[in-house]
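Enquirer: Below is a structure I'd like to ask you about.
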Amino acid sequence: MCKPAVNNGQSNRLGQPEPTDKKWNLVDNVLNIVAIREHLLELNPEQETKIEQPYEDNHLIETIRRNSNLNAYEQERINEICNNLTCIFEDETTIKHVYYARNIVEAFRQPEPFIRKVIKFCKSIDGYRLLNSNDQFIILKQYCPEIFMIHFSFIYDVEKDGFVFYEDGDHENSIGRFISYNLGRNWKNEELIQINRNFTIELKHEFENDKTIRDLLKAQMLFQSRDMLSRPEFIRYHYIRYAQLLIRYLEHKYQNMRRARKKYSQLMRLMYRTNEIANNNRILMSELDINLIPHIFAEIYNLN
């Protein structure tokens with residue numbers, strides 16, 4: 096069984112691991128693509144430049160334009176991703192039937208409905224569907240803890256210090272469970288809970304309450320580099336594909352390429368820390384009675 100990779104980067108004085116060189120090289124590569132595009136447009140300001148992507152598929156041809164506005168293809172792809180996520184995941188902020196988790200065990204209970212939605216989202220992404228079943232399993236297992244943090248950081252309630260976890264039902268009959276970070280007070284590893292809380296607050300701030308940034312980041316994260324994959328170059332191609340889409344959206348949002356690149360780098364810094372946060376959750380759950388932890392969580396976090 097492939098275990099989730101743990102960030103082995105050296106920790107700084109705040110206890111936050113520095114991103115590995117390999118990961119940041121990929122960020123630099125993506126940003127260099129943007130810089131190359133700007134240079135091409137300076138040389139040929141009136142010319143539209145097309146870049147052919149690897150793998151024979153006409154719809155993957157990206158069009159580079161002089162201004163920051165999205166072209167029709169880019170807007171269509173962004174709408175497709177966001178609409179898929181909107182249809183699949185509940186908007187937890189609108190759930191009316193909410194009860195409060197009373198302890199840590201209740202906080203980790205019954206994650207199956209959410210994970211089923213994660214699986215449905217993964218299968219809606221064309222690049223994921225083209226992978227073999229073993230690669231799909233490796234990615235899904237490591238992706239679940241990451242998307243947890245992305246999803247719930249966005250809906251984190253600062254005043255209540257927690258978030259609503261979708262549990263069951265549809266639309267008006269949805270049931271949610273409110274999970275507060277205060278449940279971790281006076282716990283043995285309270286420091287880890289505080290690290291997770293700080294990460295949640297920082298990521299929520301970077302999202303700027305913009306669901307499109309959140310959704311494009313979810314799509315890009317699906318194709319992070321993983322150990323033991325049979326088609327790493329194919330994964331890297333799709334990672335860059337969605338990274339470019341996120342950068343283009345940021346350029347469109349800010350109408351400023353420099354600001355867009357800065358925001359993208361900030362998001363990547365936090366994205367690469369999700370591995371650390373997932374490992375914190377594994378440590379926290381390992382202190383509980385294994386029989387009280389849902390089997391699917393035990394599988395995802397390698398607690399068996």
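The C-terminal position of the sequence shown is numbered 399 in our numbering, with every residue numbered one higher than the one before it. Idealized CB from N, CA, C, for every residue including glycine. Please read these numbers as outputs of a predicted model, since none were measured by experiment.
(1) On the three-pair Cβ rule with 8 Å, is the segment 285 to 305 touching the segment 268 to 275?
(2) Buried or exposed: which applies to Y334, given that a residue is buried once 16 or more other Cβ atoms fall within 10 Å of its Cβ?
(3) Tell whether a beta-carbon distance below 8 Å holds between L398 and I388.
(4) Using 10 angstroms around the beta-carbon of M380, count the other beta-carbons present and answer buried if the total reaches 16, otherwise exposed.
(5) Going by the DSSP bridge assignment, what does G257 pair with across the sheet?
(6) Within the continuous alpha helix (DSSP H) that includes Y396, where are the two ends?
(7) Rounded to a whole number of angstroms, what is the C-alpha to C-alpha distance between A338 and Q315?
(8) May I ask which residues mark the beginning and end of the alpha helix (DSSP H) holding Y367?
(9) Taking DSSP's pairing of strands, which residues face V193 in a bridge?
(10) Have a look at E394 and E207 and give me their C-alpha separation to the nearest angstrom.
(11) Can you name the residues that DSSP bridges to D263?
(12) Tell me the rounded alpha-carbon separation between C97 and I372.
(13) How close, in whole Å, do the beta carbons of C239 and V213 come, if the pair is a contact with beta carbons under 8 Å?
(14) Please report the straight-line C-alpha distance between A196 and Y251, rounded to a whole angstrom.
Expert: The relevant details are as follows:
(1) Not touching, per the Cβ criterion.
(2) Y334 is buried by the Cβ-count criterion.
(3) yes
(4) buried
(5) D252 and S275, per the DSSP bridge assignment.
(6) Y396 -> no alpha helix (DSSP H), and no H or E assigned at all.
(7) For the pair A338 and Q315, the Cα-to-Cα distance works out to about 6 Å.
(8) Annotation: Y367 is outside any alpha helix (DSSP H) and is labelled neither H nor E by DSSP.
(9) G271
(10) 12 Å
(11) Note: D263 sits in a beta bridge opposite I270.
(12) Because C97 carries a pLDDT of 43, less than 50, the predicted location of this residue cannot be relied on, and no value is offered for it.
(13) That pair is a contact at about 6 Å.
(14) 15 Å
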